[in-house]
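*Asks:*
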Amino acid sequence: MQEKQNTALVWFRNDLRIVDNQSLYDATTKHDKVIGLVLIPAEWLAETQLGFKKMEAFRARFLLESIASLQRELESYHIPLLVKIDDRTSLTQICSQYQITDIYLQKEWTKEEVDQEKGIPESVAVHKSYNQFLFHPDDLPISIEELPEIFTVFRKICEKKVKIRPCVLEPRVLAVENAKIASHTPLTLEELGYESFDIHPNSAFPFQGGSHAADERLNHYFWTTKKLSYYKKTRNGLVGTDYSSKFSPWLANGSISARSIYWAVKDYEQNLTKNQSTYWLIFELIWRDYFKYVSLRHGNSIFTVGGIKNRAYDWAQNPHVFQQWVNGTTAEPFVNANMLELKRTGFMSNRGRQNVASYLAKTLQMDWRWGAAYFEAMLIDYDVHSNYGNWMYNAGVGNDPRDRVFNVRLQADRYDGNGKYQSMWLQKQLF
Ligand SMILES: Cc1cc2nc3c(=O)[nH]c(=O)nc-3n(C[C@H](O)[C@H](O)[C@H](O)COP(=O)(O)OP(=O)(O)OC[C@H]3O[C@@H](n4cnc5c(N)ncnc54)[C@H](O)[C@@H]3O)c2cc1C
0 MQEKQNTALV WFRNDLRIVD NQSLYDATTK HDKVIGLVLI PAEWLAETQL GFKKMEAFRA
60 RFLLESIASL QRELESYHIP LLVKIDDRTS LTQICSQYQI TDIYLQKEWT KEEVDQEKGI
120 PESVAVHKSY NQFLFHPDDL PISIEELPEI FTVFRKICEK KVKIRPCVLE PRVLAVENAK
180 IASHTPLTLE ELGYESFDIH PNSAFPFQGG SHAADERLNH YFWTTKKLSY YKKTRNGLVG
240 TDYSSKFSPW LANGSISARS IYWAVKDYEQ NLTKNQSTYW LIFELIWRDY FKYVSLRHGN
300 SIFTVGGIKN RAYDWAQNPH VFQQWVNGTT AEPFVNANML ELKRTGFMSN RGRQNVASYL
360 AKTLQMDWRW GAAYFEAMLI DYDVHSNYGN WMYNAGVGND PRDRVFNVRL QADRYDGNGK
420 YQSMWLQKQL F
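Per numbering that gives the first Met the number 0, the very first residue in the sequence shown carries number 0; after that it's consecutive.
1) Would you mind working out which of A59, L104, N309 and L295 sits nearest P248, comparing C-alpha positions?
2) I need the straight-line Cα distance from F374 to L217, nearest angstrom please.
3) Whose C-beta lies closer than 6 Å to the C-beta of F430 among residues of the same chain, with five residues either side of it excluded?
4) For the alpha helix (DSSP H) that contains F374, what are its first and last residues?
5) Indicate whether I102 and L8 have their beta-carbon atoms separated by less than 7 Å.
6) So is K179 buried or exposed if we call it buried at 16+ other beta carbons inside 10 Å?
7) Can you tell me whether DSSP reads Y103 as helix, strand or coil?
8) Within the continuous alpha helix (DSSP H) that includes D266, where are the two ends?
9) Any idea what DSSP makes of I307, helix, strand or coil?
10) Assign D380 to buried or exposed, taking buried as 16 or more other Cβ atoms, counted over all protein chains shown, within 10 Å of its Cβ.
11) Restricting to Cα atoms, I'd like to know which of Y230, R401 and L73 is closest to S276.
12) Between Q1 and V125, what straight-line distance do the alpha-carbon atoms span, to the nearest angstrom?
13) With DSSP run on the structure shown, which of helix, strand or coil describes P40?
14) Any chance the stretch 28-42 sits against the stretch 85-102, with 3 or more Cβ pairs inside 8 Å?
15) Determine the direct distance from the alpha carbon of R287 to that of S385, and round the result to whole angstroms.
16) Mind the definition here: the stretch 364-371 touches the stretch 408-417 only if three or more C-beta pairs lie below 8 Å; say whether that holds.
17) Please look up how many angstroms separate the CB atoms of S210 and V18, rounded, as I've assumed it's under 8 Å.
18) Could you compute how far the alpha carbon of Q21 sits from the alpha carbon of R413?
19) Locate the alpha helix (DSSP H) running through L49, then write down its first and last residues.
20) Could you tell me which of A67, Q70 and Y289 sits nearest to C157, measuring between CA atoms?
21) Runs of 3 residues minimum, wholly inside the stretch 278-328: which ones carry the beta strand (DSSP E) assignment?
22) Considering only C-alpha positions, which residue in the set G306, K342, M377 and N235 is nearest to V293?
23) Less than 6 Å separating the Cβ of D31 from some heavy atom of ligand 1?
24) Between the stretch 192-202 and the stretch 41-57, do at least 3 Cβ pairs fall closer than 8 Å?
25) Excluding the 5 residues flanking L81 on each side, which residues of the same chain have their C-beta closer than 8 Å to its C-beta?
26) Should T6 go down as buried or exposed, given a rule of 16 or more other Cβ atoms within 10 Å for buried?
27) When the Cα of Q105 is compared with those of T151, F132 and W324, which residue comes out closest?
28) Taking the Cβ atom as the reference point for each residue, do C166 and R16 lie within a distance shorter than 7 Å?
29) Roughly how many angstroms lie between the CA atoms of A212 and Y312, to the nearest whole one?
30) Give me the Cα-Cα distance between Q323 and T329, rounded to the nearest whole angstrom.
31) Specify, as a first and last residue, the run of the beta strand (DSSP E) that S247 falls within.
32) For my contact list, E331 and V407 are in at a C-beta cut-off of 8 Å; report their separation, rounded to the angstrom.
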């Protein structure tokens with residue numbers, strides 16, 4: 000009872016949602032006064048040494064839409080949401096201004112995310128929880144040190160031994176007075192230093208940020224069009240919105256949880272169809288979990304050039320070659336088409352990503368971390384674990400036991416036999 004007098008801060012990070020949110024549930028059930036906070040690190044808005052911002056406009060816009068959606072949803076729980084550009088002093092300042100006694104946040108372990116936590120004053124009680132996994136870390140039958148280096152081994156252990164938990168219960172609706180403790184401070188794209196822009200007409204991801212949009216997408220992909228029933232056949236596609244689920248941007252910032260997608264698939268299987276495709280979506284979500292476990296196991300070596308394998312290759316750092324890759328002016332039309340899609344839309348298919356990554360790292364033998372940094376800047380769905388995990392995998396310094404090089408011409412023939420995808424992006428642009 001005593002605790003309920005204290006003021007809690009829920010620091011939303013990559014868990015920008017209300018449904019299935021452990022931090023929000025814990026804070027609202029233990030405290031009567033709760034404030035929400037989103038911090039946008041100032042470093043994300045600054046240019047990196049490679050000549051682009053750490054977060055370019057596509058993800059920035061999606062993030063702001065996600066935050067606006069969260070704020071609207073929190074209103075019905077009478078929880079105000081503060082949004083700040085963080086120069087590393089915001090946490091200390093907010094904790095002091097609102098006399099915060101407790102802070103609730105999703106547990107992160109990668110370097111920059113951990114560094115951001117340094118502003119939490121020592122006097123504040125910190126409550127961290129894992130809320131980004133499908134298989135909860137506490138339920139794994141192996142220790143993190145025993146994490147298999149091969150995905151299939153990990154998947155089989157989890158599928159056999161781990162039950163997916165139900166989603167976390169809804170947060171408590173607080174008294175109306177709680178809404179008055181703080182007022183929401185919206186930010187615009189321009190205030191973050193970006194110009195506004197229109198979504199490209201050919202974008203494979205023309206969707207908005209936020210939980211509401213994520214739910215709409217799930218309803219469309221599962222129940223309205225029943226595309227989920229064909230996912231395994233279409234998932235290597237390149238053109239259009241429906242060849243794959245497109246859940247990744249919402250998953251990356253946590254507007255939807257992997258667990259709620261899992262339970263929606265189970266619902267679909269029970270009430271409509273259960274087949275290889277419905278299973279395969281879960282299979283891909285397990286890949287997502289696996290890369291999170293890989294980074295949990297290997298720490299910051301995922302950011303080193305030798306990767307988790309600590310492999311020594313002779314990587315080149317040639318700005319001219321890199322710019323050709325970035326601008327889609329290499330010798331390979333299929334690579335170029337994919338890179339132009341990324342540049343114009345902030346999205347690229349999984350098939351495309353594998354090809355352009357392999358081409359940069361294996362064929363051009365360029366430092367794969369430059370490619371990863373560019374993806375980090377451009378992708379709407381940038382996720383530290385999936386991005387660096389997949390890049391290491393494709394560069395031969397990660398978990399791929401086969402260490403393959405993609406033949407991009409054969410890949411283009413196989414996945415874009417009629418050239419539709421390539422001509423879509425390579426034809427002269429009117430804008
Ligand atoms: C070099 C490279 C970089 C990548 N960077 C990212 C990234 O920053 N963020 C990101 O979310 N994904 C990344 N991926 C993985 C994958 O390409 C995207 O998750 C996928 O294309 C997103 O589209 P979708 O949601 O329609 O996927 P679907 O095919 O519908 O898959 C459903 C979900 O499963 C997960 N998933 C699918 N494939 C993978 C995979 N290979 N690794 C991890 N999770 C997967 C995603 O969460 C995805 O939303 C990267 C892949 C490569 C090869």
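A virtual CB, placed ideally from N, CA and C, is assigned to each residue, including glycine.
*Replies:* The relevant details are as follows:
1) By one-based count along the sequence shown, residue 248 stands at place 249. Ranked by Cα distance from P248, the first of A59, L104, N309 and L295 is A59.
2) The residue you call residue 374 lines up with position 375 of the sequence shown. The residue you call residue 217 lines up with position 218 of the sequence shown. If you take the alpha carbons of F374 and L217, they lie about 25 Å apart.
3) Reading the sequence shown from its first residue, position 431 is the one you call residue 430. Residue placement at F430 cannot be trusted, given a pLDDT of 39 that sits under 50; the coordinates are not used to answer.
4) Translated into the one-based positions of the sequence shown, residue 374 becomes position 375. F374 -> alpha helix (DSSP H) spans W367 to M377.
5) Taking the sequence shown and counting its residues from 1, one reaches residue 102 at position 103. Taking the sequence shown and counting its residues from 1, one reaches residue 8 at position 9. Result yes, Cβ atoms of I102 and L8 sit closer than 7 Å.
6) Taking the first residue of the sequence shown as position 1, residue 179 is located at position 180. So K179 ends up on the exposed side.
7) If you number the sequence shown from 1, residue 103 lands on position 104. In the structure shown, Y103 sits in a strand (DSSP, three-state: E or B).
8) Start at 1 with the first residue of the sequence shown, and residue 266 comes out as number 267. It spans A257 to N270 - the alpha helix (DSSP H) in which D266 sits, taken as one unbroken run.
9) Looking up residue 307 in the sequence shown gives position 308. Correct three-state label for I307: helix.
10) As a first step, residue 380 is located in the sequence shown; it is residue number 381 there, counting from the start. Flag for D380 reads buried.
11) Against the sequence shown, residue 276 aligns to sequence position 277. Checking every option, the nearest Cα to that of S276 belongs to Y230.
12) Locating residue 1 in the sequence shown gives position 2, where the first residue counts as 1. Locating residue 125 in the sequence shown gives position 126, where the first residue counts as 1. In this prediction, Q1 scores a pLDDT of 47, lower than 50, which makes its location untrustworthy; no coordinate-derived value is stated.
13) Your numbering for residue 40 matches position 41 in the sequence shown. Three-state result, P40: strand.
14) yes
15) On the sequence shown, residue 385 is found 386 positions in, with the first residue counted as 1. On the sequence shown, residue 287 is found 288 positions in, with the first residue counted as 1. Looking at the two C-alpha atoms, the distance is approximately 6 Å.
16) no
17) Locating residue 210 in the sequence shown gives position 211, where the first residue counts as 1. Locating residue 18 in the sequence shown gives position 19, where the first residue counts as 1. At roughly 7 Å, the Cβ-Cβ gap stays under 8 Å, so S210 and V18 are in contact.
18) Locating residue 21 in the sequence shown gives position 22, where the first residue counts as 1. Locating residue 413 in the sequence shown gives position 414, where the first residue counts as 1. Q21 and R413: Cα-Cα distance of roughly 44 Å.
19) Numbered from its first residue, the sequence shown carries residue 49 at position 50. From DSSP, L49 is part of no alpha helix (DSSP H); its letter is neither H nor E.
20) Position 158 of the sequence shown, counted from the start, is the residue given in the question as residue 157. Out of A67, Q70 and Y289, Y289 has the C-alpha closest to the C-alpha of C157.
21) none
22) Along the sequence shown, read from residue 1 onward, the residue named residue 293 stands at position 294. Comparing alpha carbon positions, the residue from G306, K342, M377 and N235 closest to V293 is G306.
23) Within the sequence shown, residue 31 is the residue found at index 32, counting from 1. Result no, Cβ not under 6 Å from ligand 1.
24) yes
25) On the sequence shown, position 82 is the one that residue 81 refers to. Within the same chain, I34, G35, L36, V37, I93, A181, H183 and T184 come within 8 Å of L81 by CB-CB distance, once the 5 residues on both sides are set aside.
26) If you number the sequence shown from 1, residue 6 lands on position 7. When all chains shown are included, T6 counts as buried.
27) Taking the first residue of the sequence shown as 1, we reach residue 105 at position 106. Of T151, F132 and W324, the residue nearest in Cα terms is F132.
28) On the sequence shown, position 167 is the one that residue 166 refers to. On the sequence shown, position 17 is the one that residue 16 refers to. Not in contact: C166 and R16 (Cβ atoms no closer than 7 Å).
29) Within the sequence shown, numbered from 1, the residue matching residue 212 stands at position 213. Within the sequence shown, numbered from 1, the residue matching residue 312 stands at position 313. Rounded to the nearest angstrom, the two C-alpha atoms are 43 Å apart.
30) Numbered from 1 along the sequence shown, position 324 holds the residue referred to as residue 323. Numbered from 1 along the sequence shown, position 330 holds the residue referred to as residue 329. The alpha-carbon atoms of Q323 and T329 are separated by roughly 5 Å.
31) For the purposes of this step, residue 247 is identified with residue 248 of the sequence shown, where counting begins at 1. Note, S247: premise wrong, no beta strand (DSSP E); alpha helix (DSSP H) at S247 to A251.
32) What you label residue 331 is simply residue 332 of the sequence shown in a count that begins at 1. What you label residue 407 is simply residue 408 of the sequence shown in a count that begins at 1. Correct: roughly 5 Å between the Cβ atoms.
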